[in-house]
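See structure below.
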Amino acid sequence: MTEKVRGVVSMSKGAPTELVTIVLPDLGPNDVKVDIQTCGVCHTDLAYRDGGINDEYPFLLGHEAAGVVAEVGSDVTHVEVGDFVILNWRAVCGECRACKRGRPWYCFNTHNASAPMTLEDGTELTAALGIGAFADKTVVHEGQCTKVAADADPAVVGLLGCGVMAGLGAAVNTGGVTRGDSVAVIGCGGVGDAAIAGARLAGATTIIAVDRDPRKLQWATELGATHTINDSEVDDVVAEIKELTDGNGADVVIDAVGRPETYRNAFYARDLAGVVVLVGVPTPDKTLEMPLVDFFSHGGALKSSWYGDCLPERDFPMYVDLYQQGRLPLEKFVTERIGIDAIESAFHKMESGEVLRSVVVL
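Residue numbers for the sequence shown follow the UniProt record's numbering, so the first one is 1 and each next one is one higher.
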């Protein structure tokens with residue numbers, strides 16, 4: 001049976017978001033209705049609003065969410081009513097060539113809900129990353145729900161749904177950071193700081209944070225950085241990183257910005273056989289020109305990290321457990337808790353670097 005709830009919608013490119021009534025569809029066999037408790041305000045939501053993803057307006061924004069299963073479709077076996085879940089946007093199919101090759105984090109056929117949510121006039125909404133969680137309730141595929149410890153703070157653990165997991169995974173899964181490694185992270189917003197926390201968790205001994213905002217460098221220090229470099233105060237970031245790593249460069253360098261100049265620095269700041277991980281998302285207009293011989297003369301690996309190369313069923317419960325044990329300070333990522341009517345203000349704070357994460361509490 002259809003149901004009407006509140007939702008934050010972007011109606012057109014660049015226009016302020018609107019809090020409106022949305023309609024949830026009848027559940028398909030594998031669909032799940034979730035009562036949203038919290039949802040982080042991610043830069044991807046702003047990109048949707050401003051046309052940086054596609055032009056399939058109107059968008060129902062929000063995707064870094066946690067909540068409680070309210071209703072399930074007839075064939076759902078993965079979760080039950082009452083389960084506390086974190087939502088994810090990589091519900092793997094198990095059947096595509098990536099899944100069958102044992103690399104499900106590259107799944108080419110991820111699942112979403114069987115029918116879209118709509119406005120009251122029937123206009124179909126495009127749910128951000130297939131979730132749409134700036135709403136009292138949302139409808140997703142059962143594979144987009146990962147059950148975790150029910151006593152975890154939803155405002156904290158819900159951030160694993162996107163940015164924090166992207167950063168943790170960039171360090172641990174994609175970069176393969178291990179005990180004794182040196183790591184440099186370029187860009188210390190939410191994703192970059194999560195990479196720093198992941199590097200610390202994995203046992204890296206030298207963790208270098210690079211940014212040009214002193215406030216972000218302070219946050220990075222609190223999350224595990226052993227050294228900081230203010231990019232606006234030095235002539236050569238690469239030289240600074242090499243000086244902190246005995247002249248060798250870092251074992252793993254993570255670019256959490258995604259610009260040609262930051263990637264170039266990441267490439268040259270790694271050890272001769274080091275790993276570069278690109279987790280910052282470049283815009284389509286960005287291009288990179290470098291001597292091809294430099295790629296030949298440096299060993300190691302150049303990797304891109306999609307969603308931290310995570311498997312939600314494996315990673316979310318593990319990181320929630322580590323947080324509850326006091327070994328992973330996820331709570332430090334929550335800068336403020338806001339109401340559902342404060343999304344635009346949160347966007348402004350995010351753009352100006354005032355917050356790591358604003359979290360909507362419903």
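Beta carbons: idealized from backbone N, C-alpha and C, even for Gly.
Beta-ladder partner(s) of residue i, from DSSP
i	result
L19	V8
E163	The sequence shown places Gly at residue 163, not Glu. According to DSSP, which records beta bridges pairwise, G163 is partnered with nothing at all.
T283	T283 is not bridged to any residue.
V177	None; V177 has no bridge partner.
V252	V183, V275
V32	V72, V140
Endpoints, the alpha helix (DSSP H) within which residue i is located
i	result
V293	292-297
Q218	214-222
S358	Where S358 is concerned, there is no enclosing alpha helix (DSSP H), although the beta strand (DSSP E) it sits in stretches over 358-361.
A149	No alpha helix (DSSP H) holds A149; DSSP gives it neither H nor E.
I343	343-351
T44	43-49
L322	312-324
A155	154-157
Whole-angstrom distance between residue j and residue i, CA atom to CA atom
i	j	result
T221	D121	50 Å
D255	V238	13 Å
P104	I340	34 Å
A166	G308	4 Å
D153	P329	12 Å
T77	H298	49 Å
S358	F296	43 Å
I229	A346	27 Å
A266	I186	7 Å
E313	W89	12 Å
V69	G102	29 Å
M290	P260	10 Å
T262	R215	19 Å
E124	L288	38 Å
residue 364	F134	Residue 364 lies beyond the residue range present for the chain, which begins at 1 and ends at 362; the question has no answer from this structure.
I338	V361	6 Å
R212	G280	16 Å
D136	V5	6 Å
P16	D193	28 Å
M350	V157	19 Å
D26	E336	34 Å
L356	R97	37 Å
L201	W219	16 Å
N- and C-terminal bounds of the beta strand (DSSP E) containing residue i
i	result
residue 383	This structure cannot settle anything about residue 383, because the visible part of the chain is limited to 1 through 362.
N230	227-230
D246	Segment: none, D246 is in no beta strand (DSSP E) and carries neither H nor E.
F84	84-87
L278	270-278
T138	137-141
E64	64-72
I53	Element bounds for I53: n/a, residue is neither H nor E.
K303	301-304
A184	182-186
Whole-number beta carbon distance between residue j and residue i, since they are thought to touch under 8 Å
i	j	result
N30	D83	The Cβ separation is near 15 Å, so there is no contact.
T206	T226	6 Å
A115	G28	6 Å
E3	L24	5 Å
L168	A197	7 Å
G175	V72	G175 to V72, Cβ: 37 Å. No contact.
A128	H63	5 Å
A250	D271	6 Å
A199	V183	4 Å
C39	A65	4 Å
A269	G300	At roughly 12 Å, the Cβ-Cβ gap does not stay under 8 Å, so A269 and G300 are not in contact.
Simplified DSSP state of residue i, which is helix, strand or coil
i	result
G198	helix
E3	strand
Q37	strand
G102	coil
E124	strand
L129	helix
I207	strand
I193	As written in the sequence, residue 193 is Asp, which differs from the Ile given in the question. Residue state, collapsed to three classes: helix.
T77	coil
S267	Residue identity check: residue 267 is Phe in the sequence provided, not Ser. If DSSP states are grouped into helix, strand and coil, F267 belongs with the helices.
D59	As written in the sequence, residue 59 is Phe, which differs from the Asp given in the question. Strand at F59.
T118	strand
L24	strand
P329	coil
G169	helix
E261	helix
A239	helix
R90	coil
T14	Note that residue 14 corresponds to Gly in the displayed sequence, not to Thr. Coil.
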